[in-house]
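Student: Here you go, one structure.
Number of protein chains: 2
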Amino acid sequence: MKIGVIGSGIVGQTIAGKLVELGHAVKVGTSDTSKLEEWLSKAGEEASVGSFAEAAAFGEIVFNCTRGAGSLDALQLIGEANLNGKILVDISNPLDFSKGMPPTLTVCNTDSLGEQIQRTFPEAKVVKTLNTVNAALMVNPALVPGDHTLFVSGNDPEAKATVIAILKEGFGWKAVLDLGDISTARATEMLMPLWIRLWGTLQTPMFNYKLVIGE
Amino acid sequence: MKIGVIGSGIVGQTIAGKLVELGHAVKVGTSDTSKLEEWLSKAGEEASVGSFAEAAAFGEIVFNCTRGAGSLDALQLIGEANLNGKILVDISNPLDFSKGMPPTLTVCNTDSLGEQIQRTFPEAKVVKTLNTVNAALMVNPALVPGDHTLFVSGNDPEAKATVIAILKEGFGWKAVLDLGDISTARATEMLMPLWIRLWGTLQTPMFNYKLVIGE
């Protein structure tokens, strides 16, 4: 499959690298191609680099791996023509680091970044997922023992099924839970404050939550 | 130990009943004593009922089991003289049901109800905990299998140690994690949107999260 990955940070590089490893053709979109020279030299023949718009145009599926505070701007640069009808996997979290640590959220409670993106691009099929775990864990859940849980939110059942197949068969996730429509992205984005506190308390970002259910 | 429990709903009745069972003397504070007649008839000799202020005055430790949207008002009725110097275990969540389902939070992101209570009663030792699980699970964590996780937040290390001892030795919690000062109550109160969505998805409130940590 041809996949566009928007964002050249650690999340974008990690996701794109894994997708190439899985046999997909991947174009990573960046505003600074020099950031990806080293990545590209190691990523294999099916990897390429371009602008945000070129990466989105290339992909049948597009992964948003930009920082949440800049995601809407980055996606606006791409334009809806390059996103309409496509699955847009949104991994971003709306973290605001401008007021010091710990970061707060730019949007929460009555709205979410996932919903903002879906409203801005109504013809895209936004699927929110992977935003609750560290980048390395996203593509290698076995770094944490047991069948810990990954959440998925989105309005389009077929789009969610396609993404869940990549998560399970590609990335190795065993416990993937469909929370419901894109408004459930509020719930997972609002996990960030706990994630950040746990990172501080545990002194490692390699953790996740396993949902355990009683009788 | 003498314990005051503020609130006569299902959380207050459950917590108070368990504390009596553990051998404590417990006075439950309510604005409507008729709600507690049945409870009192079954709760044993060490159980009693009074006003909010009487229950707080009675307790060496006070549990806030009121609904979050009314917690500050209820505690104001009690007055700081009945809370100063005491451990105030805050179990409430700032849920706002007035705008329909799912409820939103009355405060989050840059503040929390736990912090509001601590600021309003600076001489009380507020410990936020138990607010992430169903009432039955609070006092019987074995209803969900495995060592799932309970979080504790608060500024006073001794107060937290006392509460953690009740949680572990009294209520049976095995995995209790001290997240840090009372500002970490933001993180656990902001778990509510996920809890509510999971309740809908799983069709049961009997679940919890087990924190799993990698290498």
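Respectively, the protein sequence lines represent chains Y and Z.
The first sequence begins at 158 in my numbering and counts up one residue at a time.
The second sequence begins at 158 in my numbering and counts up one residue at a time.
Ideal placement from N, C-alpha and C gives every residue a C-beta, glycine not left out.
Computed from a predicted structure; not experimentally measured.
1. To the nearest angstrom, how far is the alpha carbon of Z:Ala200 from that of Y:Asn288?
2. Say whether the region 199 to 213 of chain Y touches the region 247 to 256 of chain Y, bearing in mind that this needs 3 or more beta-carbon pairs closer than 8 Å, one atom from each stretch.
3. Can you give the beta carbon distance from Z:Lys367 to Z:Asp304, rounded, assuming they're within the 8 Å contact cut?
4. Just the Cα atoms here: how many angstroms apart are Z:Val183 and Z:Asp335?
5. Flag this pair as yes or no: are the beta carbons of Y:Asn221 and Y:Ile248 separated by less than 8 Å?
6. For the alpha helix (DSSP H) containing Z:Gly225, list its first residue and its last residue.
7. How many Å lie between Z:Glu280 and Y:Leu351 at the Cα?
8. Is the beta carbon of Y:Met258 less than 8 Å from the beta carbon of Z:Gly371?
9. Taking 8 Å as the CB-CB cut-off, is Y:Asn312 touching chain Z?
10. How would you list, in chain order, the residues of chain C whose beta-carbon sits under 7 Å from the beta-carbon of Y:Ala344?
11. Consult DSSP for Z:Asn221 and reduce its assignment to one of helix, strand or coil.
12. Going by CA-CA distance only, name the one from Z:Phe308, Z:Ile163, Z:Lys325, Z:Leu300 that's closest to Z:Ser228.
13. For Z:Met295, does the count of other Cβ atoms within 10 angstroms reach 16, so buried, or fall short, so exposed?
14. Looking at chain Y, is there any beta carbon in it that lies within less than 8 Å of the beta carbon of Z:Pro302?
15. Where does the unbroken alpha helix (DSSP H) through Z:Ser198 begin, and where does it stop?
16. Whole angstroms are fine: how far does the CA of Z:Met347 sit from the CA of Z:Cys265?
17. Can you pull the chain Y neighbours of Z:Thr286, defined as C-beta to C-beta under 7 Å?
18. Answer with yes or no whether the minimum CB distance from Z:Met258 to chain Y is below 8 Å.
19. Beta-carbon within less than 6 Å of Y:Asn241's beta-carbon, same chain only, minus the 5 sequence neighbours each way: which residues are those?
20. Assign Y:Met158 to one of two classes, buried (16 or more other C-beta atoms within 10 Å of its C-beta) or exposed (fewer than that).
21. In whole angstroms, what is the alpha-carbon distance linking Z:Thr267 and Y:Gly166?
22. Cα separation between Z:Ala332 and Z:Lys325?
23. At a Cβ threshold of 8 Å, is Z:Phe364 touching chain Y?
24. Let me check understanding here. Comparing Cα to Cα, which of Z:Asp338, Z:Gly180, Z:Asn291 lies closest to Z:Gly271?
25. According to DSSP, Y:Ile244 sits in a beta bridge with which residue or residues?
26. Give me the Cα-Cα distance between Y:Arg276 and Z:Val369, rounded to the nearest whole angstrom.
Tutor: On the basis of the supplied data:
1. 46 Å
2. no
3. 7 Å
4. 26 Å
5. yes
6. 225 to 235
7. 27 Å
8. no
9. no
10. Checking the listed chains, one finds no chain C in this structure; the protein chains it contains are Y and Z.
11. strand
12. Z:Ile163
13. buried
14. yes
15. 194 to 199
16. 7 Å
17. Correct list: empty, because the minimum Cβ distance to chain Y is about 14 Å.
18. no
19. Glu280
20. exposed
21. 27 Å
22. 8 Å
23. yes
24. Z:Asp338
25. Y:Ile218, Y:Lys282
26. 35 Å
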